[in-house]
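Residues 1 to 134 in the numbering used here are what the sequence shown spells out, letter by letter. Yeah, the Cβ is synthetic: ideal placement off N, Cα and C, and Gly gets one too.
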Amino acid sequence: MDTSWNTRYDTGIRIIDEQHQELFRIVEALRRMVQDGTRRTEVEALLEDLVTCSERHFATEEGIMARYGYPDLTQHVSEHATMLTSLHELLAKFQESDQAMAMLVPTFMEGWLKHHISDGDFGFVTFLKARNLA
1 MDTSWNTRYD TGIRIIDEQH QELFRIVEAL RRMVQDGTRR TEVEALLEDL VTCSERHFAT
61 EEGIMARYGY PDLTQHVSEH ATMLTSLHEL LAKFQESDQA MAMLVPTFME GWLKHHISDG
121 DFGFVTFLKA RNLA
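Encoded structure:
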């Protein structure tokens with residue numbers, strides 16, 4: 001499965017694109033670590049980093065959306081909250097069980113990232129471009 005960044009996910013907003021790329025890098029690193037049998041503590045640290053980076057990214061997106069009065073902000077914030085809840089649950093499950101659980105995280109994140117960027121973030125980018133803000 002390809003978890004690498006692809007230019008089709010470029011939004012044209014540099015900070016958002018950089019953060020998306022960082023999330024893709026973490027997901028790919030996590031996939032490699034699990035496949036290579038990396039120590040549990042290292043995998044857990046990377047999972048925690050994924051949660052932190054996701055929280056930071058969502059705050060960045062939501063701040064930009066609020067600043068420009070994006071009409072679908074509430075829906076987008078709700079999607080972010082659901083995602084963070086899922087990530088926290090996956091981290092907790094990993095902490096309770098073995099590394100097999102960790103393989104679910106990159107699969108889950110990859111699907112979510114691709115869907116969210118394509119369906120959620122591009123709606124915001126279209127909104128900004130229509131107003132000559134991006």
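Per DSSP, the continuous alpha helix (DSSP H) segment holding D36 begins and ends at 14-36.
In this chain, the alpha helix (DSSP H) harbouring L47 covers 40-67. Judged by DSSP secondary structure, S78 falls within the alpha helix (DSSP H) whose first and last residues are 73-96. Distance check between H88 and each of E28, T74, C53, A130 places C53 closest, using alpha-carbon atoms only.
Inter-residue distance for R67 and W112 is about 25 Å (C-alpha atoms, whole angstroms). By the Cβ rule, the stretch 80-96 counts as touching the stretch 45-60, because three or more pairs are nearer than 8 Å.
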